[in-house]
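One structure below.
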Amino acid sequence: MKKILILFAHPRYEKSRANRALLRGLDGLEQVTIHDLYEEYPRFDIDVPREQKLLRAHDIIVWHYPLYLYGPPAIIKQWMDLVLEHGWAHGEGGNHLAGKAVCNVITSGGTRASFSHDGFNRFTLTELLRPLEQAARLCRMLWLPPFAVQGTYRLNDALLSDYAARYRRLLTALAETSGLEPVKSFELLNDWVADLIRKEQP
Amino acid sequence: MSDTLMGQAIVYLAAALICVPIAKRLGMGSVLGYLLAGVLIGPFALGFVGREGENIMHFAEFGVVMMLFLIGLELEPAHFWRMRSQILGLGTLQLALTTLLLGGGLLLLGLGWRGAVACGLALSMSSTAIVLQSLKEKGLGGSQAGTSSFAVLLFQDVAVIPILALLPFLALQAAGGAAHGEAPGLLAGLPVWLKAGLVLFALIAVIVAGRYVAVPLLRIVTKTSVRELSVAAALLIIVAIAYLMQLVGLSPALGAFLAGVLLANSEFRHELESDVEPFKGLLLGLFFIAVGASINFKLIAESPGTVFSLMLVIVAVKAAVLAAAGKLFRLSFDQNSIFALSLSQVGEFAFVLLAFIQRLGIVGGNWIDILMAVTALSMALTPLLLLLNERLVLPRFGTRQQPTERQADAIDTEHPVIIAGFGSFGSTLGRFLRANGVETTILDNDSDQVDLLRRMGFKVYYGDATRLDILRSAGAEKARILFIAIDNPATVDSLVATAKKHFPQLKVMACAGSTLAAHDLIEIGVDAVYRDFLDSSLRAGVEVLADLGYRRYSATRAAQYFMKYDEAAMNQLAPHRHDQGVYISNARELIRTQEQLLAKDRADIHNLNDHAWDTDTPVTAATEKL
Chain A
4 MKKILILFAH
14 PRYEKSRANR
24 ALLRGLDGLE
34 QVTIHDLYEE
44 YPRFDIDVPR
54 EQKLLRAHDI
64 IVWHYPLYLY
74 GPPAIIKQWM
84 DLVLEHGWAH
94 GEGGNHLAGK
104 AVCNVITSGG
114 TRASFSHDGF
124 NRFTLTELLR
134 PLEQAARLCR
144 MLWLPPFAVQ
154 GTYRLNDALL
164 SDYAARYRRL
174 LTALAETSGL
184 EPVKSFELLN
194 DWVADLIRKE
204 QP
Chain B
48 MSDTLMGQAI
58 VYLAAALICV
68 PIAKRLGMGS
78 VLGYLLAGVL
88 IGPFALGFVG
98 REGENIMHFA
108 EFGVVMMLFL
118 IGLELEPAHF
128 WRMRSQILGL
138 GTLQLALTTL
148 LLGGGLLLLG
158 LGWRGAVACG
168 LALSMSSTAI
178 VLQSLKEKGL
188 GGSQAGTSSF
198 AVLLFQDVAV
208 IPILALLPFL
218 ALQAAGGAAH
228 GEAPGLLAGL
238 PVWLKAGLVL
248 FALIAVIVAG
258 RYVAVPLLRI
268 VTKTSVRELS
278 VAAALLIIVA
288 IAYLMQLVGL
298 SPALGAFLAG
308 VLLANSEFRH
318 ELESDVEPFK
328 GLLLGLFFIA
338 VGASINFKLI
348 AESPGTVFSL
358 MLVIVAVKAA
368 VLAAAGKLFR
378 LSFDQNSIFA
388 LSLSQVGEFA
398 FVLLAFIQRL
408 GIVGGNWIDI
418 LMAVTALSMA
428 LTPLLLLLNE
438 RLVLPRFGTR
448 QQPTERQADA
458 IDTEHPVIIA
468 GFGSFGSTLG
478 RFLRANGVET
488 TILDNDSDQV
498 DLLRRMGFKV
508 YYGDATRLDI
518 LRSAGAEKAR
528 ILFIAIDNPA
538 TVDSLVATAK
548 KHFPQLKVMA
558 CAGSTLAAHD
568 LIEIGVDAVY
578 RDFLDSSLRA
588 GVEVLADLGY
598 RRYSATRAAQ
608 YFMKYDEAAM
618 NQLAPHRHDQ
628 GVYISNAREL
638 IRTQEQLLAK
648 DRADIHNLND
658 HAWDTDTPVT
668 AATEKL
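Just so you know, the protein sequences line up as chains A and B, in that order. If you read the first sequence in the numbering used here, its first letter stands for residue 4, the second for the next number, and so on. If you read the second sequence in the numbering used here, its first letter stands for residue 48, the second for the next number, and so on.
Okay, here's the thing in structure tokens:
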């Protein structure tokens, strides 16, 4: 069983119905560590050795955040800049992350349809995540498609709890699946989870 | 008007209040001011006080007793013991040589040998009150000159006892036993061995009582936490000792000194000091006024030549003897000149001894009157001599040492930042800057603190940061920032004024312990003011909110916002500090705004920009139009 580290970043978590539902749905998952960056480092004073130790102790890294203006909240960038050091994460001798898988779990106000070339947001989520993808590549990590909870304004409680269940299912699947390469072919991990659920139901 | 007690009090206090500030302003020291006040109200000038000046002098001598008690308190027995060679060596030398020379001179002037010896002894005394007060005022108490002077004075205090005991024998010879010595106190007429025994007993009583009566008494008194009671206890201790000493014919000052030394190690040391200090100050002032009032100008006017030449010769001889003794004890030129001049007057004990000599009939009344006038005049001369020495002699011939209690350190490094005051704020700042490779020049006025921090490897310099020369040698001309972390508002004021005037390029920053203090600092032109409580109380507030379940990041942002708001309010209010009406309305406005903010906080930990992160209330940019 692989271990999963969720690097959760929400500057206003207390006001986010969607993210509360998602995280509550993970209760009791032993292989999952939730690391709440804004709560741990309210002054952005990220403890680099501690973060690196956490990374080493896990196999799959999840950046979980709301999408604001087409990017992750500031602390994710701060975290990347400080923790993914040259000589540790990449560059000469920087192989501590090699072989680990990384994916993004994103909540967004816009719907999936809006993140398309014809849509309001003009780019797909995959395209908008390119800088993160390349950073993961630089660290020789396996880049997985994102899992997205979209159109959050319109999600009622029933829909939210369905998303929460799917998030939970995603994490257990990631932890159990030995070769994750094939998963890369999905546009969103939502689709992989949907497949898994469909297969389980006779 | 001056017949009643109140009238007299008004005369004395008003005279002191008028003369002392003027004297201080002219750089003459308070002693000279008091003396002048005495002359002014004395029988020969305004005549507000007449002969009763002498009675007042007796009462005011109590100030000397208190002063010695305080000196004793500051002197721990171990330190006292270390001074023994100075006390015995310098003291004996001074007393013997001066008596010999002055006695010889008086013999030549036609006084009998007995009178010459008696008056020589009296004239060899110096004035504890004037010397110690003057030296303390000039910050010389702890210097070599100060300790040497103190050693001599202490020896004289002790020497008065045998002198008082011996004088009757001189009288016995002179008057053929007609007027048997009337030693003051109870012990008159007792055999010498019994006297000696009783004196010894009294001393032991003081020592034992100091340990086993005074300390438990003070313990009980302080438990009541009534402040006046501890003042009363302190006064009782001193008065009781003085009375006991007088009973056995010892100097009350000496007894008080002894009691002070004994209590120096007790936990009440500082309490006693602060209790007695104001009484001492007032009584000493009264003493000096009384001396001024008792100068017999009539006698001086009748034979000015005799009185003045006698006084000048006596002072010169005393100073010469002291200078020789100082030289023998290896005092530097500067210290020796201060030592010799400050002890060159004839002291208050001479009044006592001369009066006693007159009563014993050893010397005639005319001589005594002249010597009394000489004594008073010489006391008035001392502050003047010290002033002349300080202003004219030392700058020309001295080694230009700074006569501070501890020499201000020569500052050899110039750093971009000067920190004045190395208390908890200043030291934290200094440590932080140092940890980040910025060396600072640190000035502090607490010598213990300086030594401690130096031992810990800090570059801390001892010096009064308000002094222009020290600021200059600290590199204020080249430094970029002066950070003031001193509590005392008066010091800060004068430091800011000096820095602004002489080093305009220097950015002046300061910490303040309260918002009002911050307003003052802004008003006097400090460029940046930091209220030391603001950051930590808001940090604590963040933790409190977090413990109550708030998100740390939101709380942190709220604190950051609050801090900005609060700083803005402070800067906005500071200019209206003395404009009462505006200040009040501003303060009300401040409270109102604060209330509004607080209400908003409660509803939604305020941050105006945070709607962007608000995923539940849609904002146009994030919504789709499809």
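Beta carbons: idealized from backbone N, C-alpha and C, even for Gly.
(message) Taking the straight line between their C-alpha atoms, what separation do you get for residue 298/B and residue 486/B?
(response) If you draw a straight line from the Cα of residue 298/B to the Cα of residue 486/B, it comes to about 55 Å.
(request) Measure the CB-CB distance between residue 466/B and residue 530/B and report whether it falls below 8 Å. (result) Taking 8 Å as the Cβ cut-off, residue 466/B and residue 530/B qualify as a contacting pair.
(request) Kindly list the residues whose CB is nearer than 6 Å to the CB of residue 150/B, restricted to its own chain and excluding five residues on each side of it in sequence; keep chain order. (result) These residues qualify, in order along the chain: 163, 164, 167.
(request) Could you tell me if residue 527/B is buried or exposed, where buried requires 16 or more neighbouring beta carbons within 10 angstroms of its beta carbon? (result) Its Cβ having fewer than 16 others within 10 Å, residue 527/B is exposed.
(request) Please list, in chain order, all residues of the same chain as residue 149/A whose beta carbon is under 8 Å from its beta carbon, the five residues on each side excluded. (result) Excluding residues within five positions, the ones whose Cβ falls inside 8 Å are 106, 107, 108, 109, 128, 129, 132, 191, 192.
(request) Could I get the ranges of all uninterrupted alpha helix (DSSP H) runs contained in the region 345 to 382 of chain B, with 4 residues as the minimum, in chain order? (result) Whole alpha helix (DSSP H) segments, 4+ residues: 351 to 375.
(request) Would you decide whether residue 68/B is buried or exposed? Buried here means 16 or more other CB atoms lie within 10 Å of its CB. (result) Flag for residue 68/B reads exposed.
(request) In the DSSP assignment, find the beta strand (DSSP E) that holds residue 558/B and state where it starts and stops. (result) Its beta strand (DSSP E) spans residues 554 to 559.
(request) Would you check if the distance between the CB atom of residue 92/B and the CB atom of residue 63/B is smaller than 8 Å? (result) With contacts defined by Cβ atoms closer than 8 Å, residue 92/B and residue 63/B do not form a contacting pair.
(message) By the three-class DSSP mapping on this structure, what secondary structure does residue 74/A have?
(response) The answer is strand: DSSP assigns residue 74/A an E or B state.
(request) Can you pull the chain B residues whose beta carbon is under 7 Å from the beta carbon of residue 16/A, in chain order? (result) For residue 16/A, the chain B residues whose C-beta falls within less than 7 Å of its own C-beta are 598, listed in chain order.
(message) Against chain B, which members of the region 69 to 87 of chain A pass a CB distance test of less than 7 Å?
(response) In summary, the residues of the region 69 to 87 of chain A whose CB is separated from some CB of chain B by less than 7 Å are 69, 71, in the order they occur in the chain.
(message) One question on the structure: do residue 99/A and residue 59/A come within less than 8 Å of each other, judged by their Cβ atoms?
(response) A distance below 8 Å separates the beta carbons of residue 99/A and residue 59/A.
(request) Spell out whether any CB of chain A is found under 8 Å from the CB atom of residue 77/B. (result) The C-beta of residue 77/B comes no closer than 8 Å to any C-beta of chain A.
(request) Please state if the CB of residue 393/B and the CB of residue 18/B are separated by a distance shorter than 8 Å. (result) An answer regarding residue 18/B cannot be provided, because it is not within the stretch 48 to 673 covered by chain B.
(request) Please list the partners that residue 41/A has in chain B, where partner means a Cβ-to-Cβ separation under 8 Å. (result) Here the neighbours are 598, 599, 600.
(request) Starting from the Cα of residue 534/B, find the closest Cα among 569/B, 182/B, 469/B and give me that residue. (result) Checking every option, the nearest Cα to that of residue 534/B belongs to 469/B.
(request) Output the distance between the C-alpha atoms of residue 187/A and residue 181/A, rounded to the nearest integer angstrom. (result) In this structure, the straight-line span from the alpha carbon of residue 187/A to that of residue 181/A is close to 14 Å.
(request) Could you tell me which residues DSSP pairs with residue 465/B in its beta bridges? (result) DSSP output for residue 465/B lists 488/B, 529/B as bridge partner(s).
(request) Given a cut-off of 8 Å, decide if residue 462/B and residue 515/B are closer than it, judged by their beta-carbon atoms. (result) No, Cβ-Cβ distance for residue 515/B and residue 462/B is not below 8 Å.
(message) In the DSSP output, what is residue 39/A paired with across the bridge?
(response) Paired residues: 11/A.
(request) Say whether chain B places a C-beta atom closer than 8 Å to the C-beta of residue 149/A. (result) Output row for residue 149/A: interface = no.
(request) Note down the Cα distance separating residue 117/A from residue 134/A, rounded to an integer number of angstroms. (result) Rounded to whole angstroms, residue 117/A to residue 134/A spans 21 Å at the Cα level.
(message) Short of 7 Å in beta carbon distance, which residues of its chain neighbour residue 107/B, apart from the five on each side in sequence? Order them along the chain.
(response) So the qualifying residues of the chain are 330, 333, 334, 337.
(message) Restricting to runs no shorter than 3 residues, where is the beta strand (DSSP E) found entirely within the region 121 to 162 of chain A?
(response) If we require 3 residues or more, the beta strand (DSSP E) runs fully inside the region 121 to 162 of chain A come out as 150 to 153.
(request) With DSSP collapsed to three states, give me the class of residue 68/A. (result) Strand, per DSSP.
(request) Please confirm whether residue 265/B and residue 280/B have their CB atoms less than 8 Å apart. (result) Going by C-beta atoms, residue 265/B is nearer than 8 Å to residue 280/B.
(request) Name, please, each residue of chain A whose Cβ falls closer than 8 Å to the Cβ of residue 603/B. (result) Under a criterion of Cβ atoms nearer than 8 Å, the residues of chain A adjacent to residue 603/B are, in order, 45, 46.
(request) Determine the contact status of residue 543/B and residue 559/B, defining contact as a CB-CB distance below 8 Å. (result) For residue 543/B and residue 559/B, no; Cβs fall outside 8 Å.
(request) Determine the burial state of residue 615/B: buried for a count of at least 16 other Cβ atoms within 10 Å of its Cβ, exposed for fewer. (result) Around the beta carbon of residue 615/B, fewer than 16 other beta carbons sit within 10 angstroms, so the residue counts as exposed.
(request) Quick one: residues in its chain with C-beta nearer than 7 Å to the C-beta of residue 40/A, no 5 flanking neighbours on either side, listed in chain order? (result) By the criterion of a C-beta distance shorter than 7 Å, residue 40/A is surrounded in its chain by 10, 11, 12, 78, 82, once the five residues flanking it on both sides are discounted.
(request) If I'm right that residue 403/B touches residue 568/B with Cβ under 8 Å, what's the distance once you round it to whole angstroms? (result) About 60 Å separates the two Cβ atoms, so there is no contact after all.
(message) The alpha helix (DSSP H) that contains residue 181/B, what's its start and end?
(response) From DSSP, the alpha helix (DSSP H) with residue 181/B extends over 175 to 184.
(message) Quick check: what's the CA-CA separation for residue 22/B versus residue 173/B?
(response) In the structure as shown, chain B begins at 48 and stops at 673. Residue 22/B is therefore absent and cannot be evaluated.
(request) State the CB to CB distance for the pair residue 537/B and residue 476/B, rounded to an integer number of angstroms; the pair is presumed to be in contact (CB under 8 Å). (result) Contact flag wrong, Cβ pair sits at about 22 Å.
(message) For residue 76/A, tell me which candidate among 173/A, 64/A, 183/A, 15/A has the shortest Cα-Cα distance.
(response) Ranking the options by Cα distance to residue 76/A, first place goes to 15/A.
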